[in-house]
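*Asks:*
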Amino acid sequence: MHSRLWCIPVAALVAAAILAVCLVAPTEETMGDAQRIVYIHVAMAWLALVGFLIVGAAGAMYLRGRNLLWDHWAQAAAELGWLCASLTLATGSLWAHAAWNTWWTWDPRLLTSFILWAAYSGYLLVRGSLDDPHRRARLGAVLAIVGVFDVPLVIMATRWFRGMHPTSPGMDPTMRLVLWLSVFSFTGLFVLLLAIRRRQLRQEGLLADLERQTPLEDRYAKERTCLPS
Amino acid sequence: MDYGARGAVGRHDKERYVTAKLWWMMHKDLASEWRARRVWPAMLLLGIVVALMFAVQMGLSPEQKQETVGSLLWLAIFFAGMLAMDRSFVAEREEGCWEGLLSYPVSPTAVYFAKLAVNAIALAAIQCVLIPLFVALSDVPLLERPWAMLAVAVLGNVGIAAIGTLLSGLAAGIRHGANLSVLLVLPLVIPVVLGAAEATRLGMEETLDAAWWRWCQLLGAFAVVFTTAGAVLFDFVVED
Amino acid sequence: MTEPNIAIQLRGLSKRFGRQEVLRDVHLDIPAGASVALTGANGAGKTTLLRCMASVLRPTAGEVRWFGRSAWRNPDARRLIGTVAHQSGLYPHLTLRENLVFAARMCDVPKPLRRADELLSSLGLQASADRTPAEVSQGMRQRVALARGLIHDPAILFLDEPFSGLDVAGTQWLCGLLDELHALERTVCFAVHDPDMVRRLADTVLELRSGRVEHHDVAALKPDAQAREDANLSLAGASGFNGLRCAGCGRAA
């Protein structure tokens, strides 16, 4: 219920961010309007990373207490994180085309984004091939924890490898402000969607529990008694 | 039937002789493989085929070859190694041997280390075949500094074996999991493949500079982190 | 505090595979020296219960104790148990002797080579000791699998359908073995289909029906069944109809 209340301010914030990106942020000299992609790209990249940490942390908490509620957080974060990672690659690709006239290059941050996306995909594939909720949660948690330990090493490796990605573009103060607004508002959207998705998963779990407790015969028996005589 | 006195085994509280058990588990795996000759030939063949394919592509100048050979070598090592790691787990699951192994008084961590050691040996075997092969095919001075190559080979070996053993064990329990394991491991093992490739390349330069040492440290960190992670997480992987 | 002569103790044991609940809230105390048969139709959950008791399968809820020691994440406690599963658990590329020696080494048996040879000769398999499992008959494989489970002389033995695939001679041999184990006060828990075997060998019968441990009988065929019943055969209280009730002895402790 509370998520409905949050919908409005989050929507307003995201709308404000998009407007700011389109109208308020000054046009960049070399790239022109295409540079505005970076506001979305950075937000998505940040969320993909945060999402992965959430999956890992929720997985660890599941392993500790074997409470499936933690696994719902992990799954929700993984789904949203995968989306963010895909969007990071897509927006990054568009940006690369605009900046360097190529759809893909093997440079540090793009490589790291790709690895993150592949890790998410692997995680979701493993989850998808397991039916038992506890087994799924357990093996997913192991994979997620491995991934979380891996991410800093990936970042280090790719950073030391030669690359063309701009490290910190010297940004105009207005641009920086718009960037922060974008990141903040999309983070809000992410959190909202995460909460909604997690609640969905929890309700699915509860429904499954309920179905299990009522034997099939009894359910049908109850239905029959409801029919008009 | 006489099956010994009640006190045939002392009722100790601590797990004893873990090192001995590790040794015997490794011995069991290596002896089985030596007799079956199922996994290693396929693994070596894959490595050689990949190496030859790369060699065919390399109509490059010597400098360019020196740039690329490290990556190609380590990719070949990785793919061949994953084949071995996968198949060793799958082979153990037939005949119910895996469950039998877990029902012994030995902790899953010890099983992990035994598997890790065997996989590292398999990777070492691949390296012993592929490194000379690459030297012969592409004529690059890979072994110019043998000790540097050895250091990189060992660190890369342990890193790949650590994460490969854990994730192959994880995938072995999933239906059609064998297809998944390479997919799961490849993105996560990039730091090792990249690092080892770079270190190999830098090892062929005129002088060994700080960059080489930094890559070795990364490889070492990876090996340590994932051996530890594997030792802890393998407990959770084998629960059913 | 658990009484020391309760060999296997289950509390609130539940196991669920996805949507299917195979075991629900099982409470059980099996005293040392008991011979317990698990019966039920195919798919009733016998193997699952056995595997949970042998701590090979982690239950969704509840705990298992062997002689008061927690069964989970306790490798040392595994010395107390031996398991003989449906599959032989024999490495296909090692000889029978090597299989047994490996098992002995893993179970910290002193003088593993001698022990393996002892077992092989008592099984009458000395001649085939250097053959691989594929080269011997199913009956011989099963005997070796049993030897593997017994190699460290465990106090509790779990057997999953041990009679399947055995011929008459093999069945007789196995019955003799189980009698011997019973005489030596080892706790044996086995899953069987055949009611004759149940009557012949068990002094406690647990029946699983559609995944629920519904009731248990005390088999009245053994002469000292009554005496055993009056001994420490206690059943912990069960929650509702899902638990275990002692219908035969009229006690629901």
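Residue numbers (the working numbering), protein chains in the order written: chain F, 1 to 229; chain X, 230 to 469; chain A, 470 to 722.
From the three backbone atoms N, C-alpha and C, an ideal C-beta is built for every residue, glycine too.
1) For the alpha helix (DSSP H) containing residue 793 of chain A, name the first residue and the last one.
2) May I have a chain-ordered list of the alpha helix (DSSP H) segments no shorter than 4 residues that lie completely inside the stretch 131-187 of chain F?
3) Are any of the Cβ atoms in chain A nearer than 9 Å to that of residue 264 of chain X?
4) Going by other Cβ atoms of all chains shown within 10 Å of its Cβ, with 16 needed for buried, is residue 356 of chain X buried or exposed?
5) Do residue 588 of chain A and residue 563 of chain A have their beta-carbon atoms positioned less than 9 Å apart in this structure?
6) The alpha helix (DSSP H) with residue 478 of chain A in it runs from where to where?
7) In whole angstroms, give me the CA-to-CA distance for residue 396 of chain X and residue 150 of chain F.
8) When DSSP labels each residue in this structure, what does residue 620 of chain A get in the three-state scheme?
9) Please return the same chain residues whose Cβ sits closer than 7 Å to the Cβ of residue 618 of chain A, not counting the five positions on each side in sequence.
10) For residue 532 of chain A, which residues does DSSP report across the bridge?
11) Spell out whether any CB of chain F is found under 9 Å from the CB atom of residue 256 of chain X.
12) Please list, in chain order, all residues of the same chain as residue 636 of chain A whose beta carbon is under 8 Å from its beta carbon, the five residues on each side excluded.
13) Would you list, in chain order, the members of the stretch 119-135 of chain F that have their beta-carbon closer than 8 Å to a beta-carbon of chain A?
14) If you drop the 5 nearest sequence neighbours on each side, which residues of the same chain put their C-beta closer than 7 Å to that of residue 558 of chain A?
15) Do residue 391 of chain X and residue 448 of chain X have their CB atoms nearer than 9 Å?
16) Where does residue 649 of chain A sit, in a helix, a strand or coil, going by DSSP?
17) Please state whether DSSP places residue 504 of chain A in a helix, a strand or coil.
18) For residue 505 of chain A and residue 658 of chain A, which I take to be in contact (beta-carbon distance under 8 Å), what is that distance rounded to the nearest angstrom?
19) Could you tell me which residues DSSP pairs with residue 539 of chain A in its beta bridges?
20) Can you find at least 3 beta carbon pairs, one from the stretch 370-385 of chain X and one from the stretch 436-445 of chain X, that sit closer than 8 Å?
21) Which residue from A:503, A:488 and A:489 puts its Cα closest to that of residue 650 of chain A?
22) Against chain F, which members of the stretch 478-510 of chain A pass a CB distance test of less than 8 Å?
23) What does residue 529 of chain A reach in chain F if we use C-beta pairs closer than 9 Å?
24) Would you report the Cα separation of residue 695 of chain A and residue 561 of chain A, rounded to the nearest angstrom?
25) Do residue 492 of chain A and residue 532 of chain A come within 9 Å of each other at the CB atom, strictly closer than that value?
26) I'd like to know if residue 317 of chain X contacts chain A, where contact means its C-beta is closer than 9 Å to some C-beta of that chain.
27) Using the rule of at least 16 other Cβ atoms within 10 Å of the residue's Cβ for burial, across every protein chain shown, is residue 44 of chain F buried or exposed?
28) Would you kindly check if the distance between the Cβ of residue 409 of chain X and the Cβ of residue 280 of chain X is under 9 Å?
29) When the Cα of residue 73 of chain F is compared with those of F:84, F:7 and F:61, which residue comes out closest?
30) Give the interface partners of residue 147 of chain F over in chain X, defined as CB-CB distance under 8 Å, in chain order.
31) For residue 116 of chain F versus residue 85 of chain F, is the C-beta spacing smaller than 9 Å?
32) Can you find at least 3 beta carbon pairs, one from the stretch 421-431 of chain X and one from the stretch 291-299 of chain X, that sit closer than 8 Å?
33) From the DSSP output, in three-state form, read off residue 492 of chain A for me.
34) To be precise: take each residue of the stretch 184-212 of chain F, compare its Cβ to all Cβ atoms of chain A, and keep it if any distance is under 9 Å. Which residues remain?
35) May I ask which residues mark the beginning and end of the beta strand (DSSP E) holding residue 548 of chain A?
36) Using CA coordinates, which residue listed in X:381, X:411 and X:433 is at the minimum distance from residue 421 of chain X?
*Replies:* According to the data block:
1) Missing from the structure shown is residue 793 of chain A; chain A here goes from 470 to 722 and no further.
2) 133-160
3) yes
4) buried
5) no
6) Segment 475-486 is the beta strand (DSSP E) holding residue 478 of chain A; no alpha helix (DSSP H) there.
7) 13 Å
8) coil
9) Shown here for residue 618 of chain A: same chain residues with a beta carbon closer than 7 Å to its own, the five before and five after excluded, namely 551, 552, 553 and 626 in chain order.
10) A:480
11) Output row for residue 256 of chain X: interface = no.
12) 608
13) 131, 132, 133 and 134
14) Hits under 7 Å: 614 and 617.
15) Cβ distance not < 9 Å, so residue 391 of chain X and residue 448 of chain X don't count as in contact.
16) helix
17) Looking at residue 504 of chain A - three-state DSSP - the assignment turns out to be strand.
18) That pair is a contact at about 5 Å.
19) A:534
20) yes
21) A:503
22) 485, 486, 487, 488 and 490
23) 66 and 134
24) Low per-residue confidence applies at residue 695 of chain A: pLDDT is 38, beneath 50, and the placement is therefore not dependable, though the value from the model is reported in the following sentence. C-alpha separation (whole angstroms): 46 Å.
25) no
26) no
27) buried
28) no
29) F:61
30) 417
31) yes
32) yes
33) strand
34) Taking 9 Å as the Cβ-Cβ cut-off against chain A, the residues of the stretch 184-212 of chain F that qualify are 208, 211 and 212.
35) Element bounds for residue 548 of chain A: n/a, residue is neither H nor E.
36) X:381
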